[in-house]
Amino acid sequence: MLAALIIVFREVFEAGLIVGIVLAVTRTVPRRNVWIGGGLLAGILAACVVAIFAGALSNLFAGMGQELFNATILSVAVVMLTWHNVWMARHGSELAGEMRAAGQAVVEGSKSLLALAIVVGVAVLREGSEVVLFLYGVLAGGDDRAASVALGGFAGLALGAAICMLTYFGLVRIPMRALFATTTVLIALLAAGMAAQAAAFLEKANWLTAMDNVMWDSGWILSDSSFLGRALHTLIGYTDQPTEMQLVVYLAILAITFVLMRLYGTPQKAVASSPG
Amino acid sequence: MSFPRTLSKATLFAAAALLALSAAGAANAQSATEIQLSYKDKKFDPAEITAPANTPIVIKLKNLDAKAMEFESKTLKVEKVVAGASDATINVRAQKAGRYEFFDEYNEKVARGALVVK
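The listed protein sequences derive, respectively, from chains C and H.
Numbering of the first sequence is given in our numbering, commencing with residue 1 and proceeding in unit increments.
Numbering of the second sequence is given in our numbering, commencing with residue 1001 and proceeding in unit increments.
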């Protein structure tokens, strides 16, 4: 039972962190629960579909279907997260300019809810299909310990939900103004980390062979299979043996986010010069 | 306000460096060592496989069980779901000499094997 709990928890942990962040980001947006809930549900359904067709998916692209599928959905999440940040850069200035209008500005934040709902769906889909395969294998196997393994699995799911709540309540303790800056940085790092993971999947599929030398091995300080390592892997894309390509992609996403936020955000000067 | 400009320049530079290095990388491509591995009744066969050091490795894994398994190795940085009664190809980058353990994540305690790189 404990083994099942650990396996399932490891998989839902990442999704739990991401959903928690998204919930905190959208905390004041009306009807966000419908969107986030929709993303969650769509992710679970998609995970079941992917689990059913796992064999067929693997066989695509000369056996590299899984890797390319993961790289694709991660890229979608990167685009959505970056778009959200750029979109919020415009609103952030409005928020800073006139606090009274803040409520109104955040209401309009529902426009970016679709982007974040997609991010939630992708996070659930990625890890969910493995949970479905594992639990299905146990339940269909019909051995005596099926019930206890299933119980462990569901306990793992509950723990993942607890991680989600912890992340959420941790973040919402931050005051509103600081919360915006914090989540902007969190989301930029999340996107950069996902982009580096997408690059890693393309490397595994041999679609990306350039710059595949390992830059360093920091596994002796913090292994990315340890608990803290896994948390940091999800949050900021930490990996103990990054390749040159992963690092370049990571930095490029951060740079692109920063430049786009400056280009499309309301000019900071106008806000700075207005009497506050 | 010149900071964004510096950053866009840095991005451009990174892109140029990337292109240059990808040309170099293509020239370096080596032929990979292919290894056959099968999985049945929660056991890898053979339980220990060997490969030469510093060349890429391709593991052809046949899952003969009806259930799905997840081939995983922390040291090789590999994680791959293999559906029941199906095959999978796992690319492993060139490794230094050493012993690299792998296992089925769904049955971590019993289903274990190792890749020995010499």
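The beta carbon of each residue, even a glycine, is placed where N, CA and C say it ideally should be.
Since we're looking at a predicted model, the values are computed, not measured.
query, result
"Which ranges would you report for the beta strand (DSSP E) in the stretch 1043 to 1114 of chain H if only whole runs of at least 3 residues count?", "1043 to 1045, 1048 to 1051, 1057 to 1063, 1069 to 1073, 1078 to 1082, 1086 to 1092, 1098 to 1104"
"To the nearest angstrom, report how far apart S1086/H and D1041/H are at their CA atoms.", "14 Å"
"Beta carbons nearer than 7 Å to chain H: which residues of the stretch 131 to 156 of chain C have them?", "L133, F134, G137, G141"
"Along the beta strand (DSSP E) that carries K204/C, what are the first and last residues, could you check?", "Where K204/C is concerned, there is no enclosing beta strand (DSSP E), although the alpha helix (DSSP H) it sits in stretches over 176 to 204."
"Could you check what DSSP says for L1037/H in three-state terms: helix, strand or coil?", "strand"
"Let's test the definition: count the other Cβ atoms within 10 Å of the Cβ of E1072/H and tell me whether it reaches 16, buried, or not, exposed.", "buried"
"Whole-angstrom Cβ separation of V122/C and V76/C, contact assumed at under 8 Å?", "6 Å"
"Using the C-alpha atoms, what's the distance from A54/C back to V132/C?", "11 Å"
"For I163/C versus A192/C, is the C-beta spacing smaller than 9 Å?", "no"
"Using only alpha-carbon positions, find the residue among E1079/H, N1054/H, Q1036/H that is nearest to K1062/H.", "Q1036/H"
"Cα separation between A178/C and H233/C?", "24 Å"
"DSSP three-state call for T28/C: helix, strand or coil?", "coil"
"What would DSSP say about T243/C, mapped onto helix, strand or coil?", "strand"
"Could you tell me which chain H residues have their CB closer than 9 Å to the CB of G160/C, listed as they occur along the chain?", "Residues of chain H passing the Cβ test: none, with the nearest at roughly 16 Å."
"So, using beta-carbon positions, are P1046/H and G1098/H closer together than 9 Å?", "no"
"Which residues in chain H sit within 7 Å of A15/C, going by Cβ to Cβ distance?", "Here the premise fails: no neighbours, minimum Cβ distance about 16 Å."
"CA-CA distance, N1103/H and F227/C?", "For the sequence presented, residue 1103/H should be read as Phe rather than Asn. Rounded to the nearest angstrom, the two C-alpha atoms are 19 Å apart."
"Drop a sphere of 10 angstroms on the beta-carbon of R145/C, count the other beta-carbons inside from all chains shown, and report buried for 16 or more, exposed for fewer.", "exposed"
"Quickly, what does DSSP pair V1116/H with across the bridge? List them, please.", "T1050/H, R1099/H"
"By a C-beta neighbour count over all protein chains shown, 10 Å radius and 16 as the cutoff for buried, is K1109/H buried or exposed?", "exposed"
"Check the C-beta distance from M261/C over to V86/C and give it rounded, since I have them as a contact under 8 Å.", "5 Å"
"In angstroms with no decimal places, state the Cα-to-Cα distance between A90/C and V249/C.", "The residue you asked about is not Ala; residue 90/C is Arg in the sequence shown. One C-alpha to the other measures close to 25 Å."
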